[in-house]
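Numbering (mature numbering (1 follows the signal peptide of the UniProt record, and there is no 0)), first residue to last: -21 to -1, 1 to 654. Where a beta carbon is used, it is the ideal one built from N, C-alpha and C, also for glycine. Computed from a prediction, not measured in an experiment: that's the story for all the values here. This report refers to the structure that appears directly beneath it.
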């Protein structure tokens, strides 16, 4: 679709916008507003205050809000689809219904899992025990890469960032069992140090359950090994630089990064050899550092670590003792979750993870009306039109860069609801009595799908999320924005509500994803998905100055005492939040077709727009989980995605009369308006 064209459907809707608005509700959840807090002082708390005061995070959740509730509401729908597939009297072996039903059944058969104990992992553990020399480690790592077990490094298949017409293998750092290197290295942080100590205790318990007589010593050695790997890993901020991460290495030159390492065996066993003549090494210094750690660490320690990773990767699918201990650390210690999800929900998650598009096809047929997609197409076109206008009127960007930005915007590909073609799962074998086997075969099935892309044309129809995912994304390599069906529900999209709240909610999500094409990472790619500098030096300087201001703003936010938002880590998402909201407001104004916005529930259109935006970020989160996110998540905490965004928006000041002295107030010179 061309960004500057308005569809006939859109024009018809625009012409009747005023009538529609009067016939629809405001869509604002007035019952949850805390009138004791002024929106000019804390917009998030004003809009969501009563909800925050009365809402308890469910015992089986680390957080609770708009995203989590929609996901939780979707689970019974998926369960009904799964159970209907299992009960289908006409299903045949090898059909989607058979695979879906039997995968779920294998997870739900607790008696079988108790009977099996650790035996489903025996072959993998024997493979680790058979290591006689470090020279055999590259082959084991290749095997782990294939079966989804953590190894010191992994790889991903994607488009070559400097030649988007071909697929390439990208070698990436890995090897840590905690969310970030800070958990190993920040000894002065009591929370990090305590978590690391409890992690060592957890590894000890898991190895003991597996019959390891040297569990205490092995756990200590495992933590020490991961600490050494953490020392040579790049930080999360460093990982955000696509230019620094683009290191094209011919296969025969890999040995220079890791002298003596058997890349030939690894390349052959992964299936990469013979399909490409080069790879991209995202973190070359890590590969060199890993090789040094490999050489100085005893084989026995590596064996203990590999054995632990086999258990860790499969613990949720074993008998109750393993599953509960796994939850005790990764659920309770890391995230402060009080109890496990009911088994049926975990079974739905696992089935969804393995057979996502099979489930998605059925989900869409039952839960995604065609008219919802049609209205979404209108919204997306309007957002693209608003972004086009915005580029034209930017006061900080020169004509040459604007021309390139418009060219990129015109090439955006839009995907809404579900794929044009569904994935074929027929090669995947699913057995009703073999959960671990089902998991392993599913991982290998996904792995083969990726490796088999090498040497083939780019599949522009592929989706990176399933239709039932409560999310959306921008992919710079395909220059596409993607909106799965399941997010197109209240509070993101309310078919019964006036347009204002929808533009503030799903409209800002659309604007967010468009803006990712022009954030500090996405703006380094052109419209064809190639990593190419299309900016003038002056515009680079202006963009960098605005980015620096945004980093400073978000660095000041502290959701948990002693911990601050990392403005550099979250920069791309913060740009997208701020730009997305600004573009969505422009799109809402376009939708009014020159007519004034109606007043509904005593609220103007622009007030409802911002309230729709603020409702989306309604959430509560446990402190432990918040700390995990602060260390590892490129998104800011939800309250700052609301407040941190609107205080940069001139429209917010006009809508709510924000003035100097109000806590939400920023002087005009301190506000960041990028796109």
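| Asked | Found |
| --- | --- |
| What is the DSSP secondary structure of residue 476, reduced to helix, strand or coil? | strand |
| Take the Cβ of residue 556 as the centre, count every other Cβ of all protein chains shown within 10 Å, and call the residue buried at 16 or more, exposed below. | buried |
| Among residues of its own chain, excluding the 5 on either side of residue -1, which ones have a beta-carbon nearer than 8 Å to its beta-carbon? | Note that residue -1 scores 38 on pLDDT, short of 50, meaning its location in the model is unreliable and no value can be drawn from it. |
| Which one of 32, 3 and 4 has the shortest CA to CA distance from residue 13? | 32 |
| Going by C-alpha to C-alpha distance, which of 462, 620 and 568 sits closest to residue 351? | 462 |
| What does the Cβ neighbour count give for residue 639, buried or exposed, with the cut at 16 atoms within 10 Å? | exposed |
| Assign residue 448 to buried or exposed, taking buried as 16 or more other Cβ atoms, counted over all protein chains shown, within 10 Å of its Cβ. | buried |
| Throw me the rounded Cβ distance for the residue 484 and residue 595 pair, which I believe falls under 8 Å. | 5 Å |
| Specify, as a first and last residue, the run of the beta strand (DSSP E) that residue 52 falls within. | Taken as a continuous stretch (DSSP letters only), residue 52 belongs to no beta strand (DSSP E), being part of the alpha helix (DSSP H) at 45 to 66. |
| Note down, in chain order, each residue of its chain lying with its Cβ closer than 6 Å to the Cβ of residue 315, except the 5 sequence neighbours on either side. | 601 and 603 |
| For residue 107, which option in 99, 120 and 97 has the closest C-alpha, if you only look at C-alpha atoms? | 120 |
| Report all residues from its chain with a CB closer than 7 Å to the CB of residue 450; omit the five preceding and five following residues, and keep chain order. | 444, 463 and 466 |
| How about the region 327 to 347 and the region 623 to 637: do they share at least three Cβ pairs that are nearer than 8 Å? | no |
| Do residue 357 and residue 460 have their beta-carbon atoms positioned less than 8 Å apart in this structure? | no |
| Below 8 Å, can you find three or more Cβ-Cβ pairs linking the region 92 to 109 to the region 229 to 238? | no |
| How would you label residue 318, buried or exposed, when you count the other beta carbons within 10 angstroms and need 16 or more for buried? | exposed |
| Can you find the residues in the same chain that come closer than 6 Å, C-beta to C-beta, to residue 147, ignoring five residues on each side of it along the sequence? | 139 and 259 |
| Go ahead and pull the three-state DSSP assignment for residue 136. | strand |
| Quick one, which of 542, 390, 481 and 472 has its alpha-carbon nearest residue 496's? | 390 |
| How far does the beta strand (DSSP E) with residue 599 in it reach, from first residue to last? | 598 to 600 |
| Does DSSP put residue 150 in a helix, in a strand, or in coil? | strand |
| Output the distance between the C-alpha atoms of residue 247 and residue 452, rounded to the nearest integer angstrom. | 33 Å |
| Using CA coordinates, which residue listed in 410, 113, 619 and 250 is at the minimum distance from residue 275? | 113 |
| Identify whether residue 20 lies in helix, strand or coil by the three-state DSSP scheme. | coil |
| Name the two residues that bound the continuous beta strand (DSSP E) containing residue 266. | Not the beta strand (DSSP E): residue 266 falls in the alpha helix (DSSP H), residues 263 to 275. |
| Sorted by chain position, which residues of the same chain lie with C-beta nearer than 6 Å to residue 506's C-beta, five sequence neighbours on each side aside? | 386, 387, 390 and 458 |
| If I'm right that residue 84 touches residue 428 with Cβ under 8 Å, what's the distance once you round it to whole angstroms? | About 24 Å separates the two Cβ atoms, so there is no contact after all. |
| Residues in its own chain within less than 7 Å of residue 653 by CB, not counting five upstream and five downstream? | 525, 554, 557 and 558 |
| Can you tell me whether residue 94 is buried or exposed, with buried defined as 16 or more other CB within 10 angstroms of its CB? | exposed |
| Report yes or no: do three or more beta-carbon pairs, one from the region 127 to 143 and one from the region 171 to 180, lie closer than 8 Å? | no |
| Which residues in the same chain as residue 44 place their Cβ atom closer than 6 Å to its Cβ, once the five residues preceding and following it in sequence are excluded? | 597 and 598 |
| Pull up the distance between the alpha-carbon of residue 422 and that of residue 416, whole angstroms please. | 10 Å |
| Would you mind working out which of 242, 263 and 486 sits nearest residue 225, comparing C-alpha positions? | 263 |
| Residue 88 to residue 295, Cα distance in whole Å? | 13 Å |
| Tell me which residue opens and which closes the alpha helix (DSSP H) that residue 655 is part of. | One cannot answer for residue 655 here, as it falls past the ends of the chain, which runs -21 to 654. |
| Kindly indicate which three-state DSSP category residue 642 falls into: helix, strand or coil? | coil |
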